[in-house]
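Read through the structure below, which is laid out as structure tokens, and then see the notes.
Shown next as structure tokens:
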């Protein structure tokens with residue numbers, strides 16, 4: 068996501084105590100095991116400021132999710 072012209076990174080994570088946590092190792096696992104979840108996340112982040120009269124948010128990388136290796140590098 069971009070905010071005021073700067074990248075505002077978001078990290079998708081799961082609690083290690085979640086019973087399904089062992090099934091998720093990368094963003095592709097989310098795509099495979101929870102179809103539609105990532106699209107719903109993008110939609111929420113795109114629109115959550117609209118009720119306050121602000122425009123929809125924009126995304127870097129055409130709203131494409133990146134893998135955990137990039138997340139680790141950024142963090």
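Residue numbers (our numbering): 68 to 142.
We put the CB at the ideal spot given by N, CA and C, even for glycine.
Note on geometry: alpha-carbon atoms of residue 111 and residue 85 lie some 23 Å from one another.
For the options 89, 140, 126, 142, the alpha carbon positioned closest to that of residue 74 is the one of 126. Nearest to residue 114 by C-alpha distance, out of 123, 106, 107, 108, is 123.
Distance from the CA of residue 95 to the CA of residue 119, rounded to the nearest whole angstrom, comes to 33 Å. Going by beta carbons, residue 132 and residue 81 fall outside the 9 Å limit.
In the structure shown, residue 106 falls within a helical segment according to DSSP collapsed to helix, strand and coil.
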